[in-house]
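Below is one structure, written out as structure tokens, with a few remarks after it.
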Amino acid sequence: MKIIGVDAATWDVIKPHRDELPNFDRLMKECDYKTLTVDEKPKSAAVWTSIFTGKTQAEHGHQDFIVDDELQRRSDIDAEFVWEKLDDRIDVRVLQVPAVAPPLNWNTDYEPEGFGLSSDPEELEQDMNQLLEKSKQVLGDDPDLFAVVFMQLDRISHFYWGDDIVLEFYRKMDDALGELLEYYDFDSDEPLIVLSDHGFAEHGEGTSPNTTGRDTKGRNQGRPPRGCGSHGQQPRHRRVPRPRRRRQEDT
1 MKIIGVDAAT
11 WDVIKPHRDE
21 LPNFDRLMKE
31 CDYKTLTVDE
41 KPKSAAVWTS
51 IFTGKTQAEH
61 GHQDFIVDDE
71 LQRRSDIDAE
81 FVWEKLDDRI
91 DVRVLQVPAV
101 APPLNWNTDY
111 EPEGFGLSSD
121 PEELEQDMNQ
131 LLEKSKQVLG
141 DDPDLFAVVF
151 MQLDRISHFY
161 WGDDIVLEFY
171 RKMDDALGEL
181 LEYYDFDSDE
191 PLIVLSDHGF
201 AEHGEGTSPN
211 TTGRDTKGRN
221 QGRPPRGCGS
231 HGQQPRHRRV
241 PRPRRRRQED
251 T
């Protein structure tokens with residue numbers, strides 16, 4: 001099973017530019033996709049925790065990266081992540097799930113420069129490429145469950161929403177997605193999920209999701225405007241699951 005997270009990906013950029021994003025376009029043609037909505041503003045830490053634990057925010061108790069001026073850690077999350085549940089049965093590898101800061105890894109040795117929190121486009125591109133190369137290295141081992149989350153679209157959208165560089169980074173993410181999909185057989189019954197925790201919109205546009213387990217979505221309207229960003233809609237692609245096997249030690 002392969003799970004590829006693209007933090008802050010929004011249909012408002014993807015759908016109007018499908019001809020420039022061939023790998024997103026392929027997923028939309030060959031896989032099921034949908035948008036789910038909830039009523040409250042999403043917080044990435046809580047949403048990613050819900051996605052990878054299957055629990056609501058009320059159940060896992062994780063609100064944000066910082067609570068009461070305290071940086072939250074894995075021990076502050078009252079839930080078991082899917083990779084922790086499966087680790088004694090199958091080979092599970094996880095890269096950069098931003099439930100806490102720095103992001104969570106499992107059975108992998110990875111640490112980006114500056115924890116991937118830069119706002120500089122060149123550094124963000126370097127972060128994306130570094131994570132892509134590490135992902136390809138891990139996929140080369142053919143783990144039973146692989147999950148990775150790319151956060152660069154979220155960073156670039158927060159700082160440059162409405163500028164041309166946002167679409168430029170969608171193109172870069174599409175290229176990275178294409179390289180990862182080379183490790184996936186579309187004719188197989190192996191499950192593939194591509195998802196985001198939220199989308200993006202100018203302040204005042206759209207509804208935003210809170211945590212509702214594995215299917216946490218939001219919605220926004222219109223094309224990407226200039227101005228500050230808030231969270232909106234997200235895409236997801238999936239295939240029918242197939243059980244597999246094996247285990248590897250935590251590092």
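All residue numbers for the sequence shown refer to my numbering, where the first residue is 1 and numbers rise by one. Backbone N, C-alpha and C define an ideal beta-carbon position, used for all residues, glycine too. The model shown is predicted, which means the values in this text are computed figures rather than measured ones.
**Message:** So, under 8 Å CB-CB, THR53 and PHE81 are touching, yes? Tell me the CB distance rounded to an integer number of Å.
**Reply:** 6 Å
**Request:** Give the C-beta separation of PRO42 and HIS198 to the nearest angstrom, bearing in mind that I take them to be a contact with Cβ-Cβ under 8 Å.
**Result:** 4 Å
**Request:** Mark ARG155 as exposed unless 16 or more other C-beta atoms lie within 10 angstroms of its C-beta, in which case mark it buried.
**Result:** buried
**Request:** Would you give the residue range spanned by the alpha helix (DSSP H) that ALA45 belongs to?
**Result:** 44-53
**Message:** Applying the 10 Å Cβ sphere with the 16-neighbour rule, what's the burial state of LEU195?
**Reply:** buried
**Request:** Quick one: grab the DSSP three-state call for ASP142.
**Result:** coil
**Pick from ASP127, GLU111, TYR110 that is closest to SER118, judged by C-alpha positions** = ASP127
**Where LYS34 falls: helix, strand or coil (DSSP)** = coil
**Request:** Confirm, please, whether the CB-CB distance from ILE77 to THR49 is below 8 Å.
**Result:** yes
**Asked** Are MET151 and ASP7 touching if we call contact CB-CB under 8 Å?
**Response** yes
**Request:** Give the straight-line distance between the Cα atoms of GLN131 and ILE51, rounded to the nearest whole angstrom.
**Result:** Here residue 131 is Leu; the residue named in the question, Gln, does not match the sequence. One C-alpha to the other measures close to 20 Å.
**Request:** Could you check the C-alpha separation between LEU181 and LYS136 for me, to the nearest Å?
**Result:** 10 Å
**Asked** Hey, which unbroken runs of the alpha helix (DSSP H) at 4 residues or more fall wholly within the segment 139-183?
**Response** 152-160, 164-181
**Prompt:** Is LEU95 helix, strand or coil by DSSP?
**Reply:** strand
**Message:** If contacts are defined as beta-carbon pairs under 8 Å, then LEU145 and ILE90 qualify, I think. What distance do you get, rounded to the angstrom?
**Reply:** 6 Å
**Asked** Do you know whose CA, among ILE193, MET28, ALA99, lies nearest HIS62's CA?
**Response** ALA99
**Prompt:** Which class does LYS136 belong to by DSSP, given the choice of helix, strand or coil?
**Reply:** helix
**Asked** Rounded C-beta distance between LEU21 and TYR170? I'm assuming under 8 Å.
**Response** 6 Å
**Residues sharing a beta bridge with ILE330, DSSP** = The displayed coordinates of the chain run from 1 to 251. Any statement about residue 330 would go beyond what the structure contains.
**Prompt:** VAL129 by DSSP, collapsed to three states: which one?
**Reply:** Residue identity differs from the one stated: residue 129 is Asn in this sequence, not Val. Residue state, collapsed to three classes: helix.
**Asked** What three-state label does DSSP hand LEU258 in the structure shown?
**Response** Residue 258 falls outside the range modelled here, since the chain spans only 1 to 251, and no answer is possible.
**Prompt:** ALA259 by DSSP, collapsed to three states: which one?
**Reply:** What is shown of the chain runs 1 to 251, which leaves residue 259 out entirely.
**Request:** Confirm, please, whether the CB-CB distance from ASN107 to SER96 is below 8 Å.
**Result:** The identity of residue 96 in the sequence shown is Gln, whereas the question assumes Ser. Contact flag unset, no.
**Request:** Give the DSSP bridge partners of ILE66, in chain order.
**Result:** LEU71
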